[in-house]
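Novice:
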Amino acid sequence: MSSGARSHTAPPPEGRKPVTLPRLAEMKAAGEPIAMVTAYDYPSARVAEEAGADVVLVGDSAAMVVLGHPGTEAVSMEEMIVLGKAVRRGLKTPLMIGDMPMGSYEASNELAIGNAQRLVKETGCQTVKLEAGGVSVERARAIVRSGIPVMGHVGLTPQTATALGGYKAQGKTAQSAIQLCEDALALQAVGCFAIVFEAVPAAVTEAIVEKLEIPTIGIGAGPATAGQVLVFHDLLGITTGRMAKFVKQYAHVHDEMVGGVRQYVAEVRTRHFPEPDHVYGIEPAELAELRRYLEQESLTSAKAWDWEPLS
Ligand code: KIV
1 MSSGARSHTA PPPEGRKPVT LPRLAEMKAA GEPIAMVTAY DYPSARVAEE AGADVVLVGD
61 SAAMVVLGHP GTEAVSMEEM IVLGKAVRRG LKTPLMIGDM PMGSYEASNE LAIGNAQRLV
121 KETGCQTVKL EAGGVSVERA RAIVRSGIPV MGHVGLTPQT ATALGGYKAQ GKTAQSAIQL
181 CEDALALQAV GCFAIVFEAV PAAVTEAIVE KLEIPTIGIG AGPATAGQVL VFHDLLGITT
241 GRMAKFVKQY AHVHDEMVGG VRQYVAEVRT RHFPEPDHVY GIEPAELAEL RRYLEQESLT
301 SAKAWDWEPL S
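Heads up: the sequence shown at position 11 corresponds to 11 in the numbering used here, and the numbers run straight through without jumps.
#1: Would the beta-carbon of residue 124 be found less than 7 Å away from any heavy atom of ligand 1?
#2: For residue 129, which three-state DSSP category applies?
#3: Roughly how many angstroms separate the alpha carbons of residue 240 and residue 42, rounded to a whole number?
#4: Once you ignore the five residues that flank residue 58 on each side, which residues in its own chain have a CB closer than 8 Å to its CB?
#5: What does a CB cutoff of less than 7 Å around residue 143 pick up in its chain, not counting 5 residues either side in sequence?
#6: With distances taken between CB atoms, is the gap from residue 191 to residue 269 smaller than 8 Å?
#7: With a threshold of 7 Å (Cβ to nearest heavy atom), would residue 216 be considered close to ligand 1?
#8: When the Cα atoms are used, what is the spatial distance from residue 56 to residue 168?
#9: Which stretch, first to last residue, makes up the beta strand (DSSP E) that contains residue 206?
#10: Assign residue 197 to one of three DSSP states: helix, strand, or coil.
#11: Is it buried or exposed for residue 197, if we count other Cβ within 10 angstroms and need 16 for buried?
#12: Span of the beta strand (DSSP E) holding residue 36?
#13: Take residue 19 as the anchor and find which of 109, 297, 244, 91 has the nearest alpha-carbon.
#14: According to DSSP, is residue 183 part of a helix, a strand, or is it coil?
#15: Just to confirm, is the Cβ distance from residue 208 to residue 188 under 8 Å?
#16: Could you give the residue range of the beta strand (DSSP E) that holds residue 96?
#17: Would you mind listing the alpha helix (DSSP H) stretches within the region 100-172 that are 4+ residues and don't spill past its ends, in chain order?
#18: Considering residue 219, what are the terminal residues of the beta strand (DSSP E) in which it resides?
#19: If you draw a straight line from the C-alpha of residue 295 to the C-alpha of residue 283, how long is it?
#20: Ligand 1 and residue 57: does any heavy atom of the ligand fall closer than 7 Å to the residue's C-beta?
#21: In three-state DSSP terms, what is residue 227?
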């Protein structure tokens with residue numbers, strides 16, 4: 001890296017331009033689907049980069065899929081920053097979004113701006129995401145006014161899942177769909193550049209996105225959104241157990257990983273690993289000299305109590 005101005009972002013791979021906010025708006029206008037995925041560390045960011053994702057979210061879903069908590073509430077700003085920094089090192093092209101964890105923005109505009117700035121300054125993400133309507137609309141407005149682009153998130157908002165009655169589809173009654181529409185319109189009005197729709201009936205999404213100008217990104221919200229997002233560990237089958245209805249698994253990486261580690265353990269136990277290909281060599285003359293040294297009488301008869309501890 002040059003000694004001049006340091007950038008968090010390495011130049012994108014040959015022929016690919018970094019994804020910007022105008023590019024997302026252009027994609028939406030052209031009907032070109034936006035592919036978004038989560039990432040939480042350097043390897044997952046490298047995978048998202050090489051697979052050609054347009055947008056990468058360092059999601060607070062990390063609490064569940066990386067840190068093993070039962071919900072997203074537990075993850076802290078400090079943890080999100082560690083994960084975000086690692087993701088930044090692996091990304092060149094996609095737009096990077098830092099998720100604001102529960103407790104990092106709800107209490108006041110000052111808190112929200114301060115934590116959004118921390119995510120941008122410390123991880124190098126270009127934008128942030130926060131959840132829900134209501135007071136979050138005011139927080140989104142404040143963050144946007146401070147100069148940081150914000151993505152909204154409506155429908156099933158995991159940080160407030162308990163209040164929503166659990167991890168279940170939202171907007172299934174006309175009244176709740178209207179509320180969802182009002183939240184989305186309010187988030188757009190305060191300047192959000194895009195909105196995630198999570199676990200919303202496809203027909204409700206389709207009806208509402210027509211009223212929105214900004215791109216919408218769906219997760220369990222049907223095909224009408226401008227883009228789709230899935231959690232990295234879910235789509236690759238790193239997560240095990242019961243999946244949400246909207247998850248499509250494109251691979252079974254957990255099984256592959258268990259298989260690989262199981263074989264390694266077996267080969268260690270049977271001494272089939274390491275093989276000759278995995279060991280370093282030494283010139284015979286050097287080895288002979290080492291052996292001569294080791295065979296000295298004084299060395300082989302040395303006892304532990306011959307050694308004086310350093311004072
Ligand atoms: O945290 C997350 O992964 C998310 C996506 C599901 C949109 O918010």
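Ideal placement from N, C-alpha and C gives every residue a C-beta, glycine not left out.
Specialist: Well, looking at it:
#1: It does not: the Cβ of residue 124 is nowhere closer than 7 Å to a heavy atom of ligand 1.
#2: If DSSP states are grouped into helix, strand and coil, residue 129 belongs with the strands.
#3: Near 22 Å, if we compare the C-alpha coordinates of residue 42 and residue 240.
#4: So the list reads 38, 39, 40, 80, 83, 84, 87, 96, 97, 98, 99, 123, 125, once near-sequence residues are dropped.
#5: The beta carbon of residue 143 sits closer than 7 Å to those of 112, 113, 116, 128, 150, all from its chain and outside the five residues before and after it, given in chain order.
#6: No, these two residues do not count as a Cβ contact at 8 Å.
#7: Residue 216 Cβ: outside cutoff for every heavy atom of ligand 1.
#8: Between residue 56 and residue 168, the C-alpha separation is close to 24 Å.
#9: Premise fails: residue 206 lies in the alpha helix (DSSP H), 202-209, not in any beta strand (DSSP E).
#10: Residue 197: strand per DSSP, three-state reduction.
#11: Buried, by the Cβ-count rule.
#12: Residue 36: member of the beta strand (DSSP E) spanning 34-38, first to last residue.
#13: Checking every option, the nearest Cα to that of residue 19 belongs to 91.
#14: Helix, per DSSP.
#15: Their beta carbons are not under 8 Å apart, which means residue 208 does not touch residue 188 by this criterion.
#16: DSSP places residue 96 in the uninterrupted beta strand (DSSP E) bounded by 95-99.
#17: Runs of the alpha helix (DSSP H) lying entirely within the region 100-172, each at least 4 residues long, are 109-118, 135-145 in chain order.
#18: For residue 219, the enclosing beta strand (DSSP E) covers residues 216-219.
#19: Taking the straight line from one Cα to the other gives about 19 Å.
#20: Residue 57: yes, Cβ under 7 Å from ligand 1.
#21: Strand.
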